[in-house]
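Residue numbers (full-length UniProt numbering): 1 to 460.
Built from N, CA and C at the ideal position, the CB exists for glycine as well.
Note that this is a predicted model, so its numbers are computed, not measured.
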Ligand SMILES: [Zn+2]
């Protein structure tokens with residue numbers, strides 16, 4: 001029938017990841033999709049294990065090798081920052097102006113002197129001519145005298161050079177971005193530069209931050225996550241197998257960001273465990289079960305128990321119906337990985353509850369602001385406690401609404417914790433006015449020394 005085409009499209013299963021292989025500075029580490037296969041397999045096998053097979057499919061595409069190098073990209077980022085600084089840090093649009101914050105920060109450049117303006121114009125011209133970052137300019141006579149204040153006052157919030165490495169990037173003909181859950185741009189070259197890695201979305205800064213488009217040059221500005229990761233070797237002579245694992249771990253880290261995961265905390269590395277932390281977890285790809293249940297929704301609530309004897313080792317585990325997380329109380333948990341017990345504490349809603357109790361939420365009627373009914377309002381026992389009022393703000397020229405939660409009783413976020421509760425806040429992560437994810441602290445997980453006695457006490 002006539003609707004066949006449409007329904008085929010509607011029911012087509014989304015592929016999880018599109019790997020886009022992009023060499024730069026005229027070279028690449030991956031000449032063909034085949035040469036990337038081992039790297040992709042490692043990343044996606046580990047991602048499949050962590051997600052209990054929710055994220056495991058991928059397709060690899062070649063991109064043209066860029067002639068640009070990291071220094072060129074760095075110079076473009078610095079030119080943009082200089083232009084913004086000389087323009088009093090640009091427009092007043094908080095949502096689209098990347099440099100807006102500098103307007104409010106005293107340490108940033110304000111009311112530059114004639115000399116400062118002249119030096120910045122000279123540096124700008126040097127950047128245009130040399131196509132290298134200003135770090136290479138600091139040894140010139142002018143640079144020796146002025147580089148330091150420019151670094152502190154102008155480049156203090158320089159955007160990453162990679163924006164300009166990807167500037168004007170077009171996806172291959174026939175590539176449909178919507179076919180993929182997320183896009184992974186794998187950069188590489190054989191020079192000593194490394195662009196690092198980060199996750200973002202095409203709509204960031206009102207769609208102004210990135211200039212990436214489809215094959216016809218129509219820029220992507222919709223909400224869809226992507227990440228980049230530079231696979232270039234930074235230390236020559238390292239074991240290729242180690243490099244492959246290190247790259248895959250960064251890919252997995254950024255992939256988890258694209259799905260909504262934040263960083264886990266272990267400031268002194270007392271118990272290195274999470275691929276989303278900053279501590280070295282060796283060759284293991286590990287990610288706390290708590291996040292996999294509540295933040296990512298990869299495991300059901302039934303994976304949590306208060307009975308230690310039911311806990312299964314999650315190393316290479318594939319059965320989502322088993323129990324992997326032991327609830328100790330006071331937001332503490334333990335889990336078993338490769339024969340060892342790990343412990344952490346996660347007060348996911350603590351900060352939000354504190355702010356709901358303390359202050360009255362005021363928001364502007366501009367369509368972009370988040371109504372606290374969606375954040376604090378979803379944590380109260382009975383919404384009739386909320387006192388709402390509104391007024392006209394003459395300065396902002398906008399109707400303002402106030403939500404007062406001070407008379408409210410809040411739910412017990414320890415005992416009433418559920419996937420359902422988290423879903424109320426995390427179902428939209430698109431930065432819109434209906435994105436209530438700010439209510440959940442996704443960086444709240446802190447690793448602790450494992451208290452074996454606390455676990456054994458639950459057995460008795
Ligand atoms: Zn990160």
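query, result
"Rounded C-alpha distance that separates residue 234 from residue 59", "26 Å"
"Heavy atom of ligand 2 within 7 Å of residue 222 beta-carbon", "Of the ligands this structure carries, namely ligand 1, none is ligand 2."
"Beta-carbon proximity list for residue 272, same chain, < 7 Å, skipping 5 on both sides", "266, 279, 280 and 281"
"Local Cβ density within 10 Å of residue 101, reported as buried at 16 or more and exposed below that", "exposed"
"Nonlocal neighbours in the same chain, by C-beta distance under 6 Å from residue 378, ignoring five residues either side", "424"
"Residue 448, enclosing beta strand (DSSP E) - first and last residue", "446–448"
"Own chain partners of residue 69 with C-beta closer than 7 Å, once the 5 adjacent residues on each side are dropped", "24, 25, 191 and 193"
"Environment of residue 391 [buried if 16+ CB atoms lie within 10 Å]", "exposed"
"Completely contained beta strand (DSSP E) runs for the stretch 123–151, where each covers 3 or more residues", "none"
"Residue 11 burial status per 10 Å Cβ neighbour count (16 or more: buried)", "Bear in mind that a pLDDT of 47 at residue 11, under 50, signals an unreliable position, so the number given afterwards is only what the model happens to contain. Exposed: under 16 other Cβ atoms inside 10 Å."
"Length-filtered (4 minimum) alpha helix (DSSP H) runs lying within the stretch 161–193", "162–165"
"6 Å Cβ shell around residue 322 - same chain, five flanking residues per side excluded", "312"
"Identity of the residue in 127, 345 and 376 nearest residue 357 by Cα", "376"
"DSSP bridge partner residues for residue 334 (one or two, in chain order)", "326 and 343"
"Identity of the residues DSSP links to residue 451 by a beta bridge", "Residue 451 pairs with nothing; no bridge assigned."
"Buried or exposed (CB count within 10 angstroms, at least 16 for buried), residue 247", "buried"
"Exposure label - residue 217; buried when at least 16 CB within 10 Å", "exposed"
"Within 8 Å, strictly: CB atoms of residue 255 and residue 227", "yes"
"Secondary structure of residue 226, DSSP reduced to three states", "strand"
"C-beta contact flag for residue 199 and residue 225 at 8 Å", "yes"
"Quiz: which residues have CB nearer than 6 Å to ligand 1 non-hydrogen atoms", "253, 257 and 263"
"Residues near residue 6 by beta carbon distance below 6 Å, same chain, minus five either side", "Any reading at residue 6 must be qualified, since the residue scores a pLDDT of 41, below 50, and its modelled position is unreliable; the value itself is stated next. Result list for residue 6: empty, nothing under 6 Å."
"Straight-line Cα distance separating residue 44 from residue 184", "12 Å"
"Residue 326, buried or exposed, once every other Cβ within 10 Å from all chains shown has been counted against 16", "buried"
"Beta-carbon proximity of residue 388 to residue 402, cut-off 8 Å", "yes"
"Contact belief for residue 398 with residue 364 at Cβ below 8 Å, rounded distance in angstroms", "5 Å"
"Pairwise C-alpha distance: residue 94 and residue 354", "26 Å"
"According to DSSP, residues forming a beta bridge with residue 265", "446"
"Proximity below 8 Å, CB of residue 163 to CB of residue 81", "no"
"Whole-number beta carbon distance between residue 166 and residue 210, since they are thought to touch under 8 Å", "7 Å"
"Check whether residue 50 and residue 285 have beta carbons under 8 Å apart", "yes"
"Beta carbon of residue 449 nearer than 8 Å to that of residue 289", "no"
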